[in-house]
Amino acid sequence: LHVISDFDATLSKSLSSNEKSNTTFGKIQNSGLLGEEFERKSKELKDYYQPIEHSVGLAKEEKAVKMREWTVKAWDLIVESKLNRGLIDEINKTQRIEMRLGALDFVSDVTSTGIPLLIYSGGIKEIIDGTLKEGDSMQILSNYFIFDDQGEINGWIPKLIDSSAKTGDYIKQFPHFQKIKEKDHVIVMGDLVEDLRVLEGLEHQVELKIGFLNRNVDENLNKFKKKFDVVIINDGPMIFVNTIIKQIIETS
């Protein structure tokens with residue numbers, strides 16, 4: 363068995379307790395450390411692109427183009443706004459990601475028993491690192507910044523990951539693939555139908571697909587049910603997932 367999970371709105375809650383965005387980008391946007399102009403522009407991007415991201419009726423190709431646009435514009439904006447390593451540390455101290463109830467228990471149970479866990483995210487690795495730490499059993503595959511010697515950002519990962527571009531073939535380029543290439547059972551978790559693309563290029567005998575439907579539940583529930591084996595709605599807890607993991611561990 364191995365596990366592939368999205369991070370934003372999957373392991374983390376989609377909204378924080380104060381009803382603000384709880385994503386890795388949202389934590390930077392809401393920090394107040396990059397100025398009002400950054401907050402205004404990033405909100406404009408979010409207001410335009412987020413409904414497209416959560417649309418389940420848009421053509422795959424059209425949606426992929428829009429998600430790529432959003433990702434590049436958002437990262438350009440962050441770099442222009444002079445985010446640096448010191449500010450990221452401050453954001454991780456003051457704007458902690460609120461995890462879904464039971465998510466940290468899930469990570470602990472999986473990694474402590476040596477089940478390979480891949481956190482595959484189109485978010486920001488430096489913010490994820492403020493909550494989760496990579497280890498022998500867990501790798502975080504996400505977008506990251508490139509810093510100069512003074513801790514200033516001068517670029518980012520050569521190939522940005524967005525929500526429509528996460529595939530199994532891409533995983534093969536990283537050391538984690540050596541841990542999973544002979545695993546034929548997988549649990550995949552995500553809050554978008556596109557998160558299931560992580561199965562593309564990987565071969566399994568058994569796939570358990572768990573979807574977290576946090577927005578437009580009435581509109582999208584039937585479509586989620588067609589794609590996922592299990593659907594958890596409205597920022598619901600990880601009780602079902604943790605029960606499955608414990609049963610697997612006990613019978614192994």
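Start counting the sequence shown at 363; every next residue gets the next number (this note's numbering).
Glycine included, every Cβ here is placed at the ideal spot set by N, Cα and C.
Note that the structure is a prediction, hence the values are computed from the model and not measured.
Between the options, which lies nearest to residue i when the distance is taken from Cα to Cα?
i: residue 346; options: 521, 498, 439; result: No information on residue 346 is available, as it lies outside the stretch 363 to 614 that the chain covers here.
i: residue 368; options: 399, 595, 433, 573; result: 573
i: residue 505; options: 464, 437, 571, 455; result: 437
i: residue 570; options: 580, 419, 558; result: 558
i: residue 403; options: 439, 589, 384, 487; result: 439
i: residue 451; options: 542, 393, 427; result: 393
i: residue 534; options: 510, 560, 509; result: 560
i: residue 388; options: 512, 489, 509; result: 489
i: residue 487; options: 477, 503, 512; result: 503
i: residue 379; options: 511, 460, 481; result: 460
i: residue 568; options: 407, 544, 587; result: 544
Who pairs with residue i in a beta bridge, going by DSSP?
i: residue 518; result: 507
i: residue 415; result: According to DSSP, residue 415 bridges with nothing at all.
i: residue 427; result: In the DSSP output, where bridge partners are listed per residue, residue 427 has none listed.
i: residue 410; result: Residue 410 is not bridged to any residue.
i: residue 560; result: DSSP output for residue 560 lists no bridge partner at all.
i: residue 501; result: 480
i: residue 486; result: 505
Excluding the 5 residues flanking residue i on each side, which residues of the same chain have their C-beta closer than 8 Å to its C-beta?
i: residue 537; result: 501
i: residue 465; result: 373, 374, 600
i: residue 565; result: 546
i: residue 468; result: 373, 600, 603, 604, 607
i: residue 416; result: 554, 577, 578, 582
If you drop the 5 nearest sequence neighbours on each side, which residues of the same chain put their C-beta closer than 6 Å to that of residue i?
i: residue 679; result: The structure shown does not extend to residue 679, since the chain is modelled only from 363 to 614, so the question has no answer here.
i: residue 475; result: 611
i: residue 443; result: 396, 400
i: residue 595; result: 575, 579
i: residue 524; result: 429, 430, 433, 484
i: residue 621; result: The chain is shown from 363 up to 614; residue 621 falls before or after that span and cannot be answered.
i: residue 614; result: none
What is the DSSP secondary structure of residue i, counted as helix, strand or coil?
i: residue 585; result: helix
i: residue 602; result: helix
i: residue 477; result: coil
i: residue 388; result: helix
i: residue 439; result: helix
i: residue 454; result: helix
i: residue 612; result: helix
Give me, in chain order, the residues of the same chain whose beta-carbon lies closer than 7 Å to that of residue i; leave out the 5 immediate sequence neighbours on both sides.
i: residue 418; result: 555, 582, 585
i: residue 462; result: 373, 374, 375, 597, 599, 600
Determine contact between the region 502-521 and the region 540-556, defined as no fewer than three beta-carbon pairs at a distance below 8 Å. No, because fewer than three Cβ pairs between the region 502-521 and the region 540-556 fall closer than 8 Å, the two stretches do not touch.
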